[in-house]
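Number of protein chains: 2
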Amino acid sequence: MSIFNYFRTKRAPAASATTAKERLQVIVAHQRGQRNQPDYLPRMQQEILEVIRKYVPVDQEDVQVQVDDSDNCSVLELNVTLPG
Amino acid sequence: MSIFNYFRTKRAPAASATTAKERLQVIVAHQRGQRNQPDYLPRMQQEILEVIRKYVPVDQEDVQVQVDDSDNCSVLELNVTLPG
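Here the protein sequences line up with chains D and F, keeping their order. For the record, in the first sequence the residue sitting at position 82 is 100 according to the working numbering, with numbers rising by one throughout. For the record, in the second sequence the residue sitting at position 17 is 35 according to the working numbering, with numbers rising by one throughout.
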């Protein structure tokens with residue numbers, strides 16, 4: 019299944035008469051070749067957020083951050099609800 | 019299914035004796051509230067790549083870019099194969 023299908027299935031229910039909330043989701047997945055490679059996702063996360071803030075005003079409480087770490091793969095997920 | 023499961027299922031086959039390639043995948047999904055909202059993903063894409071370049075040396079040919087646009091959702095996928 020390609021990532022695009024993932025987002026198609028995940029989409030919010032059909033936009034009702036009132037406009038649906040605008041959302042932005044950023045995912046960074048880092049698959050390391052060896053185990054001891056540095057994990058720079060936490061620092062990269064903050065800088066990606068600053069890039070997003072150049073385009074849309076985002077308050078910290080509008081950003082949900084999830085990080086999943088396993089043996090050689092880290093996945094960072096930022097969910098941003100944008101001002102409607 | 020959460021995005022983390024997506025990446026777990028998608029992972030490369032078990033790393034053989036030689037080290038697996040290091041990869042970075044960045045996905046930005048923008049779900050617009052209304053149809054005519056501006057789509058800033060193309061410009062954001064370049065800036066996110068520049069953030070990544072601060073952490074790892076990345077040549078343009080090591081970056082695959084895929085964009086999927088439908089009625090109110092745009093998904094940008096950057097696949098970066100990092101120097102092994």
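In this text, a Cβ means the ideal position worked out from N, Cα and C, and glycines have one as well.
- Of the candidates D:L67, D:K72, D:D87, D:D89, D:L67 places its Cα closest to the Cα of N97 of chain D.
- For P101 of chain D and P75 of chain D, the gap between their C-alpha atoms comes out near 8 Å.
- By DSSP's assignment, D87 of chain F forms a beta bridge with F:S92.
- A distance of 8 Å or more separates the beta carbons of L94 of chain F and L42 of chain F.
- Interface with chain D (8 Å Cβ-Cβ cutoff): Q49 of chain F is included.
- At a cut-off of 8 Å between beta-carbon atoms, Q43 of chain D makes contact with chain F.
- Nearest CB-CB separation between E79 of chain D and chain F: not below the 8 Å threshold.
- Annotation: the continuous alpha helix (DSSP H) that includes L67 of chain F extends over 59 to 73.
- At a beta-carbon threshold of 8 Å, none of the residues of chain D lie near V83 of chain F; the nearest stands roughly 13 Å away.
- With a threshold of 8 Å between beta carbons, V69 of chain D makes contact with chain F.
- For V46 of chain D, the nearest beta carbon of chain F is closer than 8 Å to its own beta carbon.
- Inter-residue distance for S88 of chain F and Q63 of chain D is about 27 Å (C-alpha atoms, whole angstroms).
- Judged by beta-carbon spacing, I45 of chain D lies within the 8 Å limit of I45 of chain F, meaning their Cβ atoms are closer than that value.
- Non-local beta-carbon contacts of A47 of chain F in its own chain, meaning distances under 8 Å to residues more than five positions away in sequence, involve C91, S92, V93, L94 in chain order.
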